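Going line by line, the protein sequences match chains A and B.
With our numbering as the guide, the letters of the first sequence map in order to residues 312 to 560.
With our numbering as the guide, the letters of the second sequence map in order to residues 5 to 395.
Using N, Cα and C, we set each Cβ at its ideal position, and we do this for glycine too.
Since the model is a prediction, treat every value here as computed from it, not as a measurement.
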Amino acid sequence: MTSIIPEYRSAIPAAPELAVHCRGITKSYGVGASKVTALRGIDLDVKTGELLMLVGPSGCGKTTLISCIAGILDHDDGVCTVFGHDFKSMSQGQRTRLRGRTLGFVFQSFNLLPTLTAAENVAVPLLINGMTRRRAIAQAREILGHVGLGQRYTSLPKQLSGGQQQRVAIARALVHDPKIIVCDEPTSALDHETGHQVMEMLRSVAMRSGRSLVIVTHDARIFEFADRIAQMDDGIIQKVVDSPEELKN
Amino acid sequence: MNFIAIKMLVGDRAKYIGILIGLTFASLLITQQTAIFCGLMTRTFGAITDLGQPDIWVMDKKVQFIDDIKPMQDTELYRVRGVSGVQWAVPLYKGLIRARLDNGNFQTCNVIGLDDATLIGGPPKMVADSTGAIGRLEDLRRSEAVIVDEVGANDKLAKIPAGNGKPIPLKIGDTLELNDHRAVVVGLCQVSRTFQSQPVVYTTYSRATTFAPQERKLLSFVLVKAENGVDIQNLCNRITQTTGLGAFTRIQFVWKTVDYFMEYTGIPINFGISVALGFFVGTIIAGQTFYNFTLDNLKYFGTLKAMGADGPILLRMILIQAVLVGTIGYGLGVGLASLFGMVTAKTELAFWMPWQLLAISGFAVTIICIFSALLSIYKVMRLEPAIVFKT
C-alpha cells in the first residue's frame, strides 16, 4: 500500500525497534484512606508495526496505562519511554508538543468538535502542528477519501452515522502521520458490523511500517485483529498472548 | 487554530447569542446612561458656552455655579472696566422670572438681560417662527421686546387655545406677561437646553431689571473681554485682586458649575449606580455564559490538549473568542446607544456622547471580557487532558 500521508512528515527521530517500553510502572490516585492504586508495576513493550490490544474488565487500569504511555498522566514510579522519549522528564509544553507530533488518538465517543466539518476536524492535528489552514484542509480531504468519506468532508459530525464519525476520528488520528495511534474503546459505541468495519480500516489504513497501534478494549469480538493481546486485571498485566484462543486458555 | 476557536464559539448559537446579549446590554447601559449624564451636565453650563465673546466671567465671590446668582451692585461694572488689560466689560442679568400664560398658569423663565448698547451675550442663533419670520437681535432695542428660545416658544410658553386644543407656538408679535410687565416677542432663537428645561427669554439689561422683582442689587455677571496679548489668567487674578470679585475664564466657570453639580447633587450617584449596575449585570451574564460555554467545551479543549495543543494555543483560542464577542457586543451596544441618542435628539432627554465616553465604554467591556476569559483560561489551563478518556 502506498503512503496515505502525502506531504506532512512529523519530526520524530528514527524509530527504534520498540515503540513503547515500560518497566515497573505504578500509578495511584488520591491520598490516605482514599488512595486507589490503578497500576501496580506494569512491564510492557510495544513493538514498531504492531497492533497491541489492552483488554480487561472495567477499572483494571487500561485507560490509566494508555494515559501514561501517551504522556497525558504522570506515572508515580518506573520507566516508560516512547521511541526513546521519556515524557516524565519533559516539561508540560515539551510533552504536549511531542504528543502532537508522535501520537494519534481515537476515542470511544469520537470527540469530534461538533461545530467543525469532517475536513476541519481531521485538519486539527495539522493546524496544531503549525500547518496553514488551506494545506491542512486539502490534506484532510485527501485522507478522508482514504477512509471512504471523500464525499462527506463538509458534513458536520451530527450529520454522520456513528461509524462514519469514527472513521473521521481515525482519519484525524492518521492525518499527521504519527508513529503511535492510541485507541480507547474504538468500537464500543458501534454495532458489531460497524465495529468490525472500523477495525478492518484501522488494520488496513492505519497499520504501516514503523507505526504501532495500542487499542484499549473489552470488546472480545475484535480481538482477532490484534497481533498481541495484553490482559490486565487489578492494575497488572496478567499475560500477553498472540491470539484470542490463547487468551481463552 | 484561530478559525477553529471562532467556529467553536459561533457554532454554539445559544451561548454565543447569550454572551453577546450580556456584553451588548452592558455596553448599551454603560454608554447610554453615561451619555445621558454627560448630556445633563452640558445643560448645567449651556448658558456659559452659548456666550462665545467674553473671555472672563466676573461675579460675586460666593457664586458656586451659573444659576447660583448673587447679585452685585451696578458700580462693580465700572470697577472691572478700570482694571488694566480689560478691553471691554458689559453687564449681564440672569434670573428667574415668572411668565403668566394665557390660560392663567405661570411658567418660570430664565431671563437674560444683555448690555443695552452692544447686546453682547445674545443667543447664538436666531430661528424662524411658525410663520417663517425670523427676528434679529437688534430688534431687542424695540419697546418691550424679548427673544424667546424656540423650545420654550413651542412648548411651555405656547398658547393654549380654548377647549384645550393643540398648543399654538409663540410667534413674532405675540405678547407675554413677565412679572406683570408686558413683553413682545420680536424673535425666536436656538440655545442650549437649560438644566431645568425652563424657557429662555432674552431682553436688554435695563428692561430685564424692570421685569425683575425689586432688589437693591441686580447685576448678575460682568462679561469681560481681554485686550489683545493679555494673559487671561493674569487678568482674572488682577480683577479679583482689584475688585474682590470672583473672575473666571469660561472653561473655569464651566468646571466650577460641573463640580458643584457633581458634589452637591445626587445626579452622579444615581447615574453611577445605573452604570455600575450595567457593568455588573453585563459581567455576570457575559462571564457566566462564557464560562458555561467553556465548561460545555471542556471535553473538546481536552481533546485538543491531548492532540498536542499546548497552553499558548489554547490561551490564544480563548482570547480570540473573548475578543470576538467583546468587539461585536461593544459595537452593538454603542450602536444601539447612538440610535437611542438619534431617536431622542429632539426630545427633552439630555444625551451627549463624546469620544471619551466610547473609550470608557470600550474599556469597561474589555474588563468584562478579560474577567470572563480569565475564568475560562483558568479552567482550561488546569484541565487534565486525561478527561478525553472519560465518556
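Which residues bound the alpha helix (DSSP H) around residue i?
i	result
V392 of chain B	Note, V392 of chain B: premise wrong, no alpha helix (DSSP H); not H, not E.
G330 of chain B	G315 to V347
A431 of chain B	The displayed coordinates of chain B run from 5 to 395. Any statement about residue 431 of chain B would go beyond what the structure contains.
I564 of chain A	Outside the shown range of chain A, which is 312 to 560, sits residue 564 of chain A, and nothing can be said about it.
L302 of chain B	L302 to A310
I439 of chain A	A429 to I439
V84 of chain B	T79 to R85
A541 of chain A	Element bounds for A541 of chain A: not the alpha helix (DSSP H) but the beta strand (DSSP E), R539 to D544.
I23 of chain B	R17 to T53
Going by DSSP, which residues form a beta bridge with residue i?
i	result
R102 of chain B	B:T112
Q477 of chain A	Per DSSP, none; premise fails for Q477 of chain A.
I336 of chain A	A:I353
G117 of chain B	B:Y97 and B:T207
L524 of chain A	A:L362 and A:I492
M130 of chain B	B:C193
L182 of chain B	B:A103 and B:H185
K550 of chain A	A:Q542
M76 of chain B	B:L223
V331 of chain A	A:V357 and A:V393
V90 of chain B	B:A230
K163 of chain B	B:I172
I138 of chain B	B:A132
Relative to the ligand GTP, is the shortest distance from any of its heavy atoms to the C-beta of residue i smaller than 8 Å?
i	result
K309 of chain B	This structure does not include the ligand GTP; it has no bound ligands of any sort.
Buried or exposed, going by whether 16 or more other CB atoms sit within 10 Å of the CB of residue i?
i	result
T465 of chain A	exposed
G521 of chain A	exposed
F553 of chain A	Correcting the residue type first, residue 553 of chain A is Asp in the shown sequence and not Phe. Burial call: exposed.
G86 of chain B	exposed
Q325 of chain B	buried
D72 of chain B	exposed
W61 of chain B	buried
L13 of chain B	buried
S210 of chain B	exposed
H386 of chain A	buried
K175 of chain B	buried
G474 of chain A	buried
Q470 of chain A	exposed
E557 of chain A	exposed
H332 of chain A	buried
H503 of chain A	exposed
D133 of chain B	buried
F7 of chain B	exposed
L328 of chain B	buried
S376 of chain B	buried
A368 of chain B	buried
V279 of chain B	buried
In the DSSP assignment, find the unbroken beta strand (DSSP E) run with residue i in it and report its ends.
i	result
Y206 of chain B	V204 to T208
C193 of chain B	H185 to Q194
M63 of chain B	I60 to M63
V152 of chain B	A149 to D153
List the residues of chain C whose Cβ lies closer than 7 Å to the Cβ of residue i, in chain order.
i	result
L427 of chain A	Protein chains in the displayed structure are A and B, and chain C is not among them.
**Message:** If contact is defined by three or more beta carbon pairs under 8 Å, each pair taking one atom from either stretch, is the segment 243 to 253 of chain B in contact with the segment 105 to 116 of chain B?
**Reply:** Touching, no, given that fewer than three Cβ pairs across the two stretches are closer than 8 Å.
**Asked** Does the segment 258 to 267 of chain B come within contact of the segment 7 to 20 of chain B, defined as at least 3 CB pairs closer than 8 Å?
**Response** Flag = no, the segment 258 to 267 of chain B and the segment 7 to 20 of chain B do not touch.
**Request:** Would you mind listing the alpha helix (DSSP H) stretches within the segment 452 to 503 of chain A that are 4+ residues and don't spill past its ends, in chain order?
**Result:** List check, alpha helix (DSSP H) in window: 473 to 485.
**Request:** Would you mind listing the alpha helix (DSSP H) stretches within the segment 197 to 265 of chain B that are 4+ residues and don't spill past its ends, in chain order?
**Result:** The segment 197 to 265 of chain B contains these whole alpha helix (DSSP H) runs: 209 to 215 and 236 to 247.
**Item:** Segments of 3+ residues assigned as beta strand (DSSP E) that fall wholly inside the segment 358 to 418 of chain A
**Value:** Whole beta strand (DSSP E) segments, 3+ residues: 362 to 366, 388 to 393 and 414 to 417.
**Three CB pairs or more closer than 8 Å across the segment 212 to 232 of chain B and the segment 35 to 46 of chain B** = With a cut-off of 8 Å, the segment 35 to 46 of chain B and the segment 212 to 232 of chain B do not count as touching, because too few Cβ pairs lie within range.
**Asked** Is the segment 176 to 193 of chain B close to the segment 24 to 37 of chain B, with three or more CB pairs under 8 Å?
**Response** Contact fails: fewer than three Cβ-Cβ distances are below 8 Å.
**Asked** Do the segment 379 to 386 of chain B and the segment 62 to 69 of chain B make contact, defined as three or more Cβ pairs closer than 8 Å?
**Response** No, because fewer than three Cβ pairs between the segment 379 to 386 of chain B and the segment 62 to 69 of chain B fall closer than 8 Å, the two stretches do not touch.
**Item:** contact_flag[the segment 360 to 376 of chain B, the segment 321 to 338 of chain B] where n(CB pairs < 8 Å) is 3 or more
**Value:** Output reads yes: the segment 321 to 338 of chain B touches the segment 360 to 376 of chain B.
**Request:** Tell me, please, whether the segment 152 to 168 of chain B touches the segment 103 to 114 of chain B by the rule of three or more beta-carbon pairs shorter than 8 Å.
**Result:** Cβ pair count under 8 Å is three or more, so yes.
**Request:** Decide yes or no for the touch test of the segment 402 to 420 of chain A against the segment 481 to 496 of chain A: beta carbon pairs closer than 8 Å, at least 3 of them.
**Result:** In short, these stretches touch, since the Cβ pair count reaches three.
**Inter-stretch contact (C-beta, 8 Å, three-pair minimum) for the segment 191 to 210 of chain B and the segment 149 to 159 of chain B** = Judged by Cβ distances under 8 Å, the segment 191 to 210 of chain B makes contact with the segment 149 to 159 of chain B, as three or more pairs qualify.
**Asked** Do the segment 523 to 539 of chain A and the segment 353 to 370 of chain A make contact, defined as three or more Cβ pairs closer than 8 Å?
**Response** Verdict: yes, contact present.
**Prompt:** Any contact of the segment 434 to 449 of chain A with the segment 475 to 489 of chain A, i.e. 3+ C-beta pairs under 8 Å?
**Reply:** Taking 8 Å as the limit for Cβ pairs, the verdict is that the segment 475 to 489 of chain A does touch the segment 434 to 449 of chain A.
**Request:** Evaluate contact between the segment 344 to 356 of chain A and the segment 394 to 414 of chain A, counting only Cβ atoms and requiring at least three cross-stretch pairs below 8 Å.
**Result:** No, the segment 344 to 356 of chain A does not touch the segment 394 to 414 of chain A.
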